[in-house]
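Q: Structure in C-alpha cells, see below.
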Amino acid sequence: MRRALAVLAAVPLILSAAACGSDGATTGATTGATTGATASGSAAGAPSGVKVAGNVGAKPTVTFPSGSPATKSSYEVIQPGTGTGVKAGDRVIVNLTVYNWDGKTNAVAGSSYDTKAPETIAVTEQLPQVLQEGFTKVKHGGRLLAVLANDSVAQQQTTTPAEPTKVFVFDVVGTQPPALKAAEGKETGESIKGVTVDNPGGEKAPTLTTKTDEKAPKELVVKTLIQGTGAKTQANQTLVVHYTGKIWGTDQQFDSSWERGQPAEFPLAQVIQGWQKGLAGVPVGSRVVMSIPPDLGYGSQAQQGIPANSTLVFVVDVLGAY
C-alpha cells in the first residue's frame, strides 16, 4: 500500500493507487444516491453521490451512483473526529481505502486495513486542493471522503492519458511529530580511520574531513557518531536527513543539505545502495558516518562533482522517518 500514494508525473497534483488486490469491500451502484454532509467551500465542489458506510477504524463499505464517474473533484467529511485538529503542514497518519471509479466495476485498488500498514501524508501544497482543504476539516478519529477527478491534474499535464477518477476514504489515526533539526543523543566515540567528523553540538552542522593517505575501505563501513533514541528506520520508509558528502582522500565536497539550509527527504528504497544498506535500521536522532565503495555508489559512472570509481563519505543526521 505504500505505492497507493505514488504521485503521478513530475508534479504531484493527483494521487494514484497501485493495484494491490483487496477483498471485503462492497462496490456497486445506487440510484439517486446523494452525499449527506458535503463540506462547504469552492474546493469541495458538487456532491459526488458516493456513499460511505461503516465505523471509523474499520475498512469502509463504499457504494457508487449509477452513470458516469464524477468529473469534478470534491470532498466530504463523513465523521469530523473528536481529537486534535489537522492543520496545514502536518504529516497525517491515516488508514485509507482507494477505488478506481470507472462507472463499471468501481474496483477497490487497495486498503491499508488489508496490509495493516497506515500511510503518512504531508498536508502541503503538493497535495490536490481538495485534500489540502479537506484534511484541515477533520480531527484525529475522523473520516474523510475525497473524490479526485482529472480536474486535479495540472494544466501542463492534460496531454497525458486520463486516469480513472479516484475515490479515497481516509481515517485519520493521528499526526507524526515534526522532524528533528539535528541529531540528538549521546556521542559514541566511534569513527572511521582516515575520516574526521567534528560535532559542534546543538543544531549546527558537523564538519566532515576526508583528506587522508589511508586506503579507502573496499566494503561499506558505517559508524554511529551520535546514538539517537527514536524508532529504527525501515527499508520501505521515507527519511528526512541532513548530510554532507565528500570524496575519500581529497576532501572534495560534492553535496551538502546543510549548506542548502533544508533537510533532504526521500524514499530510502530509491537512493544508492550504500545509503539503503547503511541507513536501514538506524534510530531516528542518530548521526552516522559512512564510507561507500564505488560498487554501492555510482560505480564507473561519473556524476556532477563525483569522479568515476569514487569512494564516497557521508555524515548523515537521521531526523525523521515515516
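Numbering (mature numbering (1 follows the signal peptide of the UniProt record, and there is no 0)), first residue to last: -19 to -1, 1 to 303. Think of the CB as a built atom: it goes at the ideal place given N, C-alpha and C, for glycine as much as any other residue. As the structure is a prediction and not an experimental result, all values here were calculated from the model.
#1: When you compare the CB positions of Gly64 and His121, do they come within less than 8 Å of one another, or not?
#2: Where DSSP assigns a beta bridge to Asp95, which residues make up the other side?
#3: Among Arg241, Ser237, Lys213 and Lys196, which one has its Cα closest to the Cα of Thr231?
#4: Do you know how far the Cα of Val73 is from the Cα of Ala98?
#5: DSSP state of Glu184, grouped into three classes?
#6: Would you mind listing the beta strand (DSSP E) stretches within the stretch 161 to 239 that are 3+ residues and don't spill past its ends, in chain order?
#7: Please name the residue, chosen from Gly30, Gly286, Leu108 and Pro198, that lies closest to Ala51 on a Cα-to-Cα basis.
#8: Looking only at C-alpha atoms, which of Ile59, Lys227, Trp256 and Asn131 sits nearest to Lys147?
#9: Note the first and the last residue of the continuous beta strand (DSSP E) segment covering Glu114.
#10: So, for Asn81: in the same chain, excluding its five sequence neighbours on each side, which residues have a beta-carbon less than 6 Å away from its beta-carbon?
#11: Please state whether DSSP places Asn76 in a helix, a strand or coil.
#12: Identify every residue that forms a DSSP beta bridge with Thr44.
#13: Give the single residue among Val297, Gln282 and Gln251 whose Cα lies nearest to the Cα of Ser272.
#14: Roughly how many angstroms lie between the CA atoms of Phe151 and Ser55, to the nearest whole one?
#15: In this structure, does DSSP put Asn290 in helix, strand or coil?
#16: Please classify Asp83: does DSSP put it in a helix, a strand, or coil?
#17: Taking the DSSP output, what are the residues bridged to Gln157?
#18: Quick one, are the C-beta atoms of Gly278 and Gly262 less than 8 Å apart?
#19: If we call anything under 8 Å between Cβ atoms a contact, is Leu206 one with Thr177?
#20: Please report the residue range of the alpha helix (DSSP H) in which Gln254 lies.
A: From the atom records:
#1: Looking up residue 64 in the sequence shown gives position 83. Looking up residue 121 in the sequence shown gives position 140. Here Gly64 is near His121, since their CB atoms are less than 8 Å apart.
#2: Residue numbering aside, residue 95 sits at position 114 when the sequence shown is read from its first letter. The bridge partners DSSP lists for Asp95 come to none.
#3: Against the sequence shown, residue 231 aligns to sequence position 250. Checking every option, the nearest Cα to that of Thr231 belongs to Lys196.
#4: The sequence position of residue 98 within the sequence shown is 117, counting from 1. The sequence position of residue 73 within the sequence shown is 92, counting from 1. So the two alpha carbons sit approximately 14 Å from each other.
#5: For this step, residue 184 is matched to residue 203 along the sequence shown. Coil at Glu184, not helix or strand.
#6: 177 to 179, 188 to 190, 202 to 208, 219 to 228 and 234 to 237
#7: Counting from 1 along the sequence shown, the entry for residue 51 is found at position 70. Of the listed residues, the one whose Cα sits closest to Ala51 is Gly30.
#8: Translated into positions along the sequence shown, residue 147 becomes position 166. Of the candidates Ile59, Lys227, Trp256 and Asn131, the one whose C-alpha sits nearest the C-alpha of Lys147 is Asn131.
#9: Within the sequence shown, numbered from 1, the residue matching residue 114 stands at position 133. Glu114 -> not in any beta strand (DSSP E); alpha helix (DSSP H) instead, spanning Gln110 to Phe116.
#10: Numbered from 1 along the sequence shown, position 100 holds the residue referred to as residue 81. In the same chain as Asn81, and ignoring 5 residues on each side of it, the C-beta atoms closer than 6 Å to its own belong to Ala88, Ala90 and Pro145, in chain order.
#11: Taking the sequence shown and counting its residues from 1, the one referred to as residue 76 is at position 95. In this structure, Asn76 counts as strand in the three-state DSSP scheme.
#12: Within the sequence shown, numbered from 1, the residue matching residue 44 stands at position 63. In the DSSP output, where bridge partners are listed per residue, Thr44 has Lys32.
#13: Walking along the sequence shown from the start, residue 272 turns up at place 291. Nearest of Val297, Gln282 and Gln251 to Ser272, Cα basis: Val297.
#14: As a working mapping, residue 151 is identified with position 170 in the sequence shown. As a working mapping, residue 55 is identified with position 74 in the sequence shown. Looking at the two C-alpha atoms, the distance is approximately 14 Å.
#15: As a first step, residue 290 is located in the sequence shown; it is residue number 309 there, counting from the start. Note: Asn290 maps to coil in three-state DSSP.
#16: As a first step, residue 83 must be located in the sequence shown, where it is residue number 102. Of the three classes helix, strand and coil, the one that applies to Asp83 here is coil, per DSSP.
#17: Your numbering for residue 157 matches position 176 in the sequence shown. In the DSSP output, where bridge partners are listed per residue, Gln157 has Arg72.
#18: Reading the sequence shown from its first residue, position 297 is the one you call residue 278. Reading the sequence shown from its first residue, position 281 is the one you call residue 262. Not in contact: Gly278 and Gly262 (Cβ atoms no closer than 8 Å).
#19: Taking the sequence shown and counting its residues from 1, one reaches residue 206 at position 225. Taking the sequence shown and counting its residues from 1, one reaches residue 177 at position 196. Leu206 places its beta carbon 8 Å or farther from that of Thr177.
#20: Within the sequence shown, residue 254 is the residue found at index 273, counting from 1. First-last of the alpha helix (DSSP H) with Gln254: Gln254 to Leu260.
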